[in-house]
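Residue numbers (UniProt numbering), protein chains in the order written: chain A, 1 to 251; chain B, 1 to 251. We put the CB at the ideal spot given by N, CA and C, even for glycine. Have a look at the structure below, then the notes.
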DNA sequence: GCGCTCTTATATGTCTGACATATCGTCCAG
DNA sequence: CTGGACGATATGTCAGACATATAAGAGCGC
């Protein structure tokens with residue numbers, strides 16, 4: 001576990017160390033506000049220079065995972081400080097064994113809030129160019145047909161193109177969320193169920209509504225699409241467990 | 001402009017350089033995929049070592065603002081790659097002169113999507129502890145009364161407490177957005193209009209709805225609150241300008 | 001014993017200079 | 001004109017050193 005997939009590709013040492021440390025933090029290896037090993041110790045442990053460890057620390061601190069203070073050392077930050085929509089944080093959190101089914105449903109829930117609204121905005125604000133991007137992605141989805149893996153790439157492009165068509169810079173930030181969620185779905189789907197083809201009509205409904213600038217229909221169609229996804233994941237992963245909180249909502 | 005507010009406090013050199021470079025990038029000083037000055041040149045320009053510049057680069061690359069490749073150099077990334085919900089990115093973008101009224105309205109628009117939904121979730125999922133946090137923030141708001149500056153802190157805490165009460169980790173990521181938007185509002189309000197007191201009843205409506213677990217009412221109340229904020233900003237800042245896009249929506 | 005100041009050890013922050021490595025241009029040979 | 005060799009260049013990594021803030025303990029007066 002000390003040297004996991006550090007040499008998976010042409011990843012720089014800095015990135016590799018950041019990935020391993022980041023994954024450990026989001027996996028809960030270090031409690032909130034607990035000290036992580038010092039720079040010198042980590043540099044020895046990884047056989048790298050202190051420079052590299054420090055640069056990895058900077059990457060992680062920019063993502064809200066750690067904070068350094070002189071003399072005190074570097075501490076893992078509590079979960080509410082993590083940048084949950086950062087692509088790396090999402091990936092590390094989802095990769096760390098799927099010990100967190102609740103997190104998957106939290107993601108789906110946020111998507112169910114954001115993406116229908118995005119579809120509605122796209123219906124109102126799309127241009128020829130941004131609409132074309134959505135249409136291209138959809139066409140590629142149709143071609144990909146029944147292969148769940150091939151299907152994933154145009155699927156992600158489809159949803160990202162809708163975000164881009166909203167003409168709202170902030171909306172783009174949700175691309176990482178969609179991408180991470182779709183990635184999970186692919187892994188789940190490849191273990192269990194059949195072809196992704198049944199979702200094509202649902203995507204088509206979204207595209208059609210956007211094309212004719214029908215914001216309400218776009219909202220509804222996207223909601224339906226995400227509902228299907230949620231039910232699919234629910235069936236394959238199991239219902240979300242009880243909250244991690246001490247006190248549970250009295251319902 | 002070369003050495004702006006670099007010594008504003010006890011900011012490390014790394015952070016100061018990252019802040020200045022980051023602000024320059026979001027301000028559009030460097031076009032998308034344009035080279036930023038090399039590490040050695042910047043280290044000379046700032047009178048710092050290359051180490052510090054590199055660590056600043058790591059901070060910025062973790063926020064999606066730049067990307068480095070060997071031999072090629074380091075390039076500013078296009079806007080769609082920026083992590084728009086990162087607190088620093090938001091701050092730099094809003095601080096850079098308010099040359100971007102459209103961005104302020106983009107923020108408000110996203111808040112209008114996320115926060116009502118968050119209020120509804122909080123109504124369903126809050127616990128004794130998370131509800132107490134909301135109530136405390138609200139009480140402090142009432143005390144702050146008519147001072148727009150004093151009002152801002154409990155206001156931010158109020159909205160963040162609602163996000164925390166959703167019992168959804170991903171929701172916490174929107175705290176930075178709320179905080180940034182409220183900061184803008186304070187600056188706008190201090191230049192123009194009167195006391196923030198009129199918004200107290202609107203906040204109270206949100207709190208009451210959450211307390212009695214009425215999700216729909218909480219959604220509506222939060223929407224009303226944000227509507228008021230939006231109209232306020234609109235009145236003081238002016239309507240959003242036309243899109244920056246080449247082709248405009250045909251309407 | 002209790003509280004205060006002063007010292008000291010420690011971990012991060014910064015600097016320097018060097019070498020490694022990938023890659024973009026260019027140039028030359030076929 | 002094509003394709004491969006080669007050097008220049010900017011980032012990536014390394015090593016060792018010093019600076020600085022500060023938590024923790026030592027010492028001291030009360």
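- Residues of chain A with a Cβ closer than 9 Å to the Cβ of residue 208 (chain B) do not exist, since the nearest Cβ in that chain sits about 18 Å away.
- Of the candidates B:177, B:133 and B:138, the residue whose Cα lies closest to the Cα of residue 164 (chain B) is B:133.
- Residues of chain A with a Cβ closer than 9 Å to the Cβ of residue 147 (chain B) do not exist, since the nearest Cβ in that chain sits about 28 Å away.
- The region 43-60 of chain A and the region 17-26 of chain A touch, with three or more beta-carbon pairs separated by less than 8 Å.
- Per the C-alpha coordinates, the member of B:201, B:162, B:232 and B:235 positioned closest to residue 213 (chain B) is B:162.
- For the region 48-82 of chain B, the residues whose beta carbon sits under 9 Å from a beta carbon of chain A are, in order, 51, 54, 55, 56, 57, 58, 59, 60, 61, 62, 63, 64, 79, 80, 81 and 82.
- Nearest in C-alpha terms to residue 228 (chain A), of all of A:66, A:218, A:136 and A:198, is A:198.
- In the structure shown, residue 35 (chain A) falls within a strand segment according to DSSP collapsed to helix, strand and coil.
- The Cβ of residue 175 (chain B) sits closer than 9 Å to at least one Cβ of chain A.
- DSSP places residue 75 (chain A) in the uninterrupted beta strand (DSSP E) bounded by 73-76.
- Here the C-alpha atom of residue 208 (chain A) lies approximately 52 Å from the C-alpha atom of residue 143 (chain B).
- Taking C-beta atoms as the reference points, residue 152 (chain B) and residue 85 (chain B) fail to come closer than 9 Å.
- Between residue 202 (chain A) and residue 225 (chain A) a beta carbon distance of about 4 Å is seen, short of the 8 Å cut, so the two are scored as contacting.
- Separation of residue 168 (chain B) and residue 187 (chain B) (C-alpha to C-alpha, rounded to the nearest whole angstrom) is 31 Å.
- The beta-carbon separation of residue 62 (chain B) and residue 17 (chain B), rounded to 15 Å, does not stay under the 8 Å limit for a contact.
- Bridge partners of residue 69 (chain B) according to DSSP: B:73.
- Less than 9 Å divides the Cβ of residue 64 (chain A) from the Cβ of residue 77 (chain A).
- For residue 198 (chain B), the secondary structure class from DSSP, reduced to helix, strand or coil, is coil.
- With its beta carbon at least 9 Å from every one in chain A, residue 40 (chain B) lies outside the interface.
- For residue 106 (chain A), the enclosing alpha helix (DSSP H) stretches over residues 101-125.
- Proximity of chain A to residue 133 (chain B) at the Cβ level (cut-off 8 Å) is not reached, the minimal Cβ distance being about 12 Å.
- Contact check for residue 154 (chain A) against residue 223 (chain A) fails: the beta carbons are separated by 9 Å or more.
- Collapsing the DSSP output to three states places residue 11 (chain A) in coil.
- Between residue 210 (chain A) and residue 129 (chain A), the gap from beta carbon to beta carbon reaches 9 Å or more.
- Annotation: residue 141 (chain A) to residue 218 (chain A) spans about 19 Å, alpha carbon to alpha carbon.
- For residue 158 (chain B), the closest Cβ of chain A is not nearer than 9 Å.
- Each residue's CA atom was taken as its position, placing residue 87 (chain A) and residue 180 (chain A) some 7 Å apart.
- Here residue 69 (chain B) is exposed. Its C-beta has fewer than 16 other C-beta atoms within 10 Å.
- Following the DSSP letters along the chain, one finds residue 53 (chain B) inside the alpha helix (DSSP H) bounded by residues 50-62.
- Residue 25 (chain B) is not a Cβ neighbour of residue 40 (chain B), given a cutoff of 9 Å.
- Contact note: residue 86 (chain A) reaches chain B through 83, using a C-beta cutoff of 7 Å and chain order.
- Of all residues in the region 211-223 of chain B, none places a beta-carbon less than 7 Å from a beta-carbon of chain A.
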